[in-house]
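Per the working numbering, the sequence shown starts with residue 540, numbered consecutively. Backbone N, C-alpha and C fix where the C-beta goes; we use that ideal spot for every residue, glycine too. The structure presented is a predicted model; accordingly, all values stated were derived computationally and were not measured. What follows is one structure encoded as structure tokens, with my remarks underneath.
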Amino acid sequence: MELKEIRKQLRLAMNGVTSTSMRQKGVGYKINFGVSLPQLKTIAATHTPDRILAETLWKEDVREMKILAVLLYPQSEFDEARADAWAVDIADPEIAGHFCFLLLQHLSFSEELAMRWIRRREGFFRQMGFLLLAHLFRYGDFSRKEHLILFSEEAKVAVRTGTLPEKQAAAAAVKRYGSQSKEQALFLLDLFKAGEGSPEEWQEFQEELEFEFDYSL
Numbered sequence: 540m541e542l543k544e545i546r547k548q549l550r551l552a553m554n555g556v557t558s559t560s561m562r563q564k565g566v567g568y569k570i571n572f573g574v575s576l577p578q579l580k581t582i583a584a585t586h587t588p589d590r591i592l593a594e595t596l597w598k599e600d601v602r603e604m605k606i607l608a609v610l611l612y613p614q615s616e617f618d619e620a621r622a623d624a625w626a627v628d629i630a631d632p633e634i635a636g637h638f639c640f641l642l643l644q645h646l647s648f649s650e651e652l653a654m655r656w657i658r659r660r661e662g663f664f665r666q667m668g669f670l671l672l673a674h675l676f677r678y679g680d681f682s683r684k685e686h687l688i689l690f691s692e693e694a695k696v697a698v699r700t701g702t703l704p705e706k707q708a709a710a711a712a713v714k715r716y717g718s719q720s721k722e723q724a725l726f727l728l729d730l731f732k733a734g735e736g737s738p739e740e741w742q743e744f745q746e747e748l749e750f751e752f753d754y755s756l
């Protein structure tokens, strides 16, 4: 019954222009209602978070239902095994971003999850690992020193050799971490220092960091 009500709510909120535009840009789902995130949050607020409902929504090849699944899964019941399983299913960067921002960053194991994912190369794992860290860095530093070492190593690799979305996610995490303090900014500037003969792209990234951290130095 609740799933039927959600379908009705999505049809009423459908934006045909947005839906068509997303399809033209290659966002492929069996159904895409073109409903905005604020509208989806409003719809989610009319339903009680429920694990079974969320898992049912997640299985649907419908953009909005996947986002609602993220919004409606009870955080206390979402574990690492479920996070890994859902991550495998993700085939769109928008859902990857919502998954990290709306659900994963609020979980007690989010840092450990991110550190595992930045080492994985398949699917959206590495991108989501860095996105998750970028969100977490708004609230503080790493809980364990060895995580900083691993983050430093993996961020360098991602910025050099990752896909464009992975590079962007890693860059976002690096900038967010460096903006926390002068000490952290100087650490990252030294880490990403472009030496003689460095690729132009690497030198450009160093300049980006210098500009980003200028106010904190």
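Counting only the Cα atoms, I582 lies some 17 Å from I570. By the C-beta criterion, the region 608–617 is judged not to be in contact with the region 626–633, since fewer than 3 inter-stretch pairs fall below 8 Å. Sixteen is the threshold: since fewer than 16 other Cβ atoms of the shown chains lie within 10 Å of the Cβ of K547, the residue is exposed. Contact between Q723 and Y716 holds, since their C-beta atoms are separated by about 6 Å, short of 8 Å.
DSSP, read as helix, strand or coil, puts V574 in coil. One thing to note: Q666 has its Cβ within 8 Å of the Cβ of P704. In this structure, the alpha-carbon of F648 lies about 12 Å from that of L672. One alpha carbon belongs to L646, the other to K684, and they sit about 20 Å apart. Between I688 and F669, the gap from beta carbon to beta carbon reaches 8 Å or more. Ranked by Cα distance from K721, the options D631, E751, E739 are led by E751. Exclusion of the five residues before and after S558 leaves N571, F572, G573 as the residues of its chain whose Cβ lies within less than 7 Å of its Cβ.
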